[in-house]
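**Student:**
In the numbering used here, the protein residues as written are 7 to 121.
This is the structure:
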């Protein structure tokens with residue numbers, strides 16, 4: 007898949023991850039307001055301008071090429087969400103040869119966390 011497709015898949019997985027965390031918090035007795043979970047603002051600022059979001063964090067600049075935005079997302083998502091284990095996952099991410107490969111690793115980590 008192209009990096010633009012992977013980027014959109016990561017954003018869809020991030021939305022699903024947030025929704026899962028919201029449901030878990032509500033099941034534990036939190037109110038809807040208390041259970042609102044979203045990725046950090048710095049990460050949300052990397053979303054493509056055309057990806058709809060209902061928060062006040064501006065999307066990445068429209069003039070940013072997809073490759074630049076995806077490259078930043080491929081590193082930021084893992085760190086911001088604590089997706090990779092320090093012992094081996096982070097090195098694997100750093101050793102990835104492309105943004106697409108890093109985005110695939112982020113998708114796999116989000117999928118594993120959802121199970």
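All residues carry an ideal CB built from backbone N, CA and C; glycine is no exception.
Since we're looking at a predicted model, the values are computed, not measured.
Out of 75, 36, 27, 12, state which residue places its alpha-carbon closest to the alpha-carbon of residue 50.
**Tutor:** Looking up residue 50 in the chain shown gives position 44. The shortest Cα separation from residue 50 among 75, 36, 27, 12 belongs to 75.
**Student:** Thinking C-alpha only, which one of 35, 73, 77, 47 is nearest residue 86?
**Tutor:** Translated into positions along the chain shown, residue 86 becomes position 80. Residue 47 is the option with its Cα nearest to residue 86.
**Student:** Within the continuous alpha helix (DSSP H) that includes residue 84, where are the two ends?
**Tutor:** Counted from its first residue, the chain shown places residue 84 at position 78. Run containing residue 84: 72–87, per the alpha helix (DSSP H) assignment.
**Student:** Judging by CA-CA distance, which residue of 44, 36, 40 is the nearest neighbour of residue 25?
**Tutor:** Numbered from 1 along the chain shown, position 19 holds the residue referred to as residue 25. Nearest C-alpha to residue 25: 44.
**Student:** Could you round the C-beta distance between residue 12 and residue 106 to whole angstroms and report it? I think they count as a contact, below 8 angstroms.
**Tutor:** Translated into the one-based positions of the chain shown, residue 12 becomes position 6. Translated into the one-based positions of the chain shown, residue 106 becomes position 100. Indeed, because the Cβ distance is near 6 angstroms, the residues count as touching under 8 angstroms.
**Student:** With 16 other CB atoms within 10 Å as the buried threshold, where does residue 29 fall?
**Tutor:** Locating residue 29 in the chain shown gives position 23, counting from the first residue. Residue 29 should be labelled exposed.
**Student:** How far does the alpha helix (DSSP H) with residue 25 in it extend, from its first residue to its last?
**Tutor:** Position 19 of the chain shown, counted from the first residue, corresponds to residue 25. Residue 25 -> alpha helix (DSSP H) spans 9–33.
**Student:** Taking Cβ to Cβ, would you say residue 102 is nearer than 8 angstroms to residue 111?
**Tutor:** Position 96 of the chain shown, counted from the first residue, corresponds to residue 102. Position 105 of the chain shown, counted from the first residue, corresponds to residue 111. It is a contact, given that the beta carbons lie within the stated cut-off.
**Student:** Looking at the secondary structure, which residues open and close the alpha helix (DSSP H) in which residue 52 lies?
**Tutor:** Along the chain shown, read from residue 1 onward, the residue named residue 52 stands at position 46. Counting along the chain, residue 52 falls outside any alpha helix (DSSP H), and DSSP gives it neither H nor E.
**Student:** Roughly how many whole angstroms lie between the Cα atoms of residue 113 and residue 98?
**Tutor:** Looking up residue 113 in the chain shown gives position 107. Looking up residue 98 in the chain shown gives position 92. If I take the Cα positions, the gap works out to 14 angstroms.
**Student:** For the alpha helix (DSSP H) containing residue 105, name the first residue and the last one.
**Tutor:** In the chain shown, the residue the question calls residue 105 occupies position 99. Segment 105–120, the alpha helix (DSSP H) holding residue 105.
**Student:** In angstroms with no decimal places, state the Cα-to-Cα distance between residue 68 and residue 81.
**Tutor:** Within the chain shown, the letter at position 62 stands for residue 68. Within the chain shown, the letter at position 75 stands for residue 81. The straight-line gap from Cα to Cα measures roughly 20 angstroms.
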